[in-house]
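Participant: Dropping a structure here in structure tokens format, bear with me for questions.
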Amino acid sequence: MLKNIFLFSAIVSLALGFTISEGISPREESGFEIFSRLCVTMLPEHGGGPRQPPPFPVAIEMVPDLPTYQRGQQVQITLRGNPGFMFTGFLVQCRIPGQTTPHGRWTAGPTGVAVGCANPQPDFSGDDTAAHQIGSVRNIQTLVFEMPQQPGLYRLEMTTVETFGIYWMDQFSPLFNVV
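Here it is, written out as structure tokens:
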């Protein structure tokens, strides 16, 4: 329940930022509609400038770092900012390259939240996507990821937000197999 309250606050913030910057009234588009779109595009819709070009200021580290994992195997994922770099937001999914459906399960830790994007629900329930809680500034974020049950080739995909309007998209981990 507390997770859903934090996430609802994040989505309302996205919705208000979007409606103010784009001139759309809150009645025309709900936070849930924005969240559903965010699940596919991974584009923050809270205003600001265009995405920043690489290099990416946050590394995706997987422990163990292997080319092949077992179905359901748990892996520690660390999002580590460059020295002195602090970030406020992130969205991470495990995807089949070229597709937008997230796979696997996340446990997000104390300053993160796991949400459902494969089949978005109004209460944001689910655990196939890892995201940030509002108000947490960090240089490092540790998550636990459970590999998908479906064998195949995957990669992690991430969007990172430094501040409200400064963000990086389309950051990918190396490809890995799930057998």
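Those letters in the sequence shown? Residues -17 to -1, 1 to 162, by mature numbering (1 follows the signal peptide of the UniProt record, and there is no 0). All C-beta atoms, glycine included, are put in the ideal place defined by N, C-alpha and C.
Go through its chain and collect everything with a Cβ distance to V120's Cβ below 6 Å, but skip five positions before and after it.
Facilitator: Within the sequence shown, numbered from 1, the residue matching residue 120 stands at position 137. Around V120: M69 and T71.
Participant: What is the residue span of the beta strand (DSSP E) that L26 lies within?
Facilitator: For the purposes of this step, residue 26 is taken as the residue at position 43 of the sequence shown. Looking at the DSSP string, L26 is not in any beta strand (DSSP E), and its letter there is neither H nor E.
Participant: Do the segment 115 to 135 and the segment 89 to 99 meet, that is, are 3 or more Cβ pairs less than 8 Å apart?
Facilitator: Contact between the segment 115 to 135 and the segment 89 to 99 is present: three or more C-beta pairs spanning the two stretches fall below 8 Å.
Participant: Starting from V127 and walking both ways along the beta strand (DSSP E), at which residues does that stretch end?
Facilitator: Sequence index remark: in the sequence shown, residue 127 carries index 144 (1-based). It spans I123 to E129 - the beta strand (DSSP E) in which V127 sits, taken as one unbroken run.
Participant: List the DSSP bridge partners of A91.
Facilitator: On the sequence shown, position 108 is the one that residue 91 refers to. The partner list for A91 (beta bridge, DSSP) is empty, contrary to what the question assumes.
Participant: Could you tell me the boundaries of the beta strand (DSSP E) in which V75 lies?
Facilitator: For this step, residue 75 is matched to residue 92 along the sequence shown. First-last of the beta strand (DSSP E) with V75: G72 to R78.
Participant: Where does the unbroken beta strand (DSSP E) through N160 begin, and where does it stop?
Facilitator: On the sequence shown, residue 160 is found 177 positions in, with the first residue counted as 1. Where N160 is concerned, the enclosing beta strand (DSSP E) stretches over F159 to V161.
Participant: Please classify R34 as buried or exposed, where buried requires at least 16 other C-beta atoms within 10 Å of its C-beta.
Facilitator: Within the sequence shown, the letter at position 51 stands for residue 34. Per the 10 Å Cβ criterion, exposed.
Participant: Mind checking whether V98 and T83 have CB atoms under 8 Å apart?
Facilitator: Working through the sequence shown from its first residue, we reach residue 98 at position 115. Working through the sequence shown from its first residue, we reach residue 83 at position 100. Taking 8 Å as the Cβ cut-off, V98 and T83 do not qualify as a contacting pair.
Participant: Closest to L136 by C-alpha separation, out of F128, V75 and P50, would be which residue?
Facilitator: Counted from its first residue, the sequence shown places residue 136 at position 153. L136 has its Cα closest to that of P50, out of F128, V75 and P50.
Participant: Taking the alpha carbon of I149 as the reference point, which residue from N65, M25 and G31 has its own alpha carbon closest?
Facilitator: Residue numbering aside, residue 149 sits at position 166 when the sequence shown is read from its first letter. Measuring from the Cα of I149, the nearest candidate turns out to be G31.
Participant: Would you call the CB atoms of C77 and P66 closer than 8 Å?
Facilitator: Locating residue 77 in the sequence shown gives position 94, where the first residue counts as 1. Locating residue 66 in the sequence shown gives position 83, where the first residue counts as 1. Contact: no.
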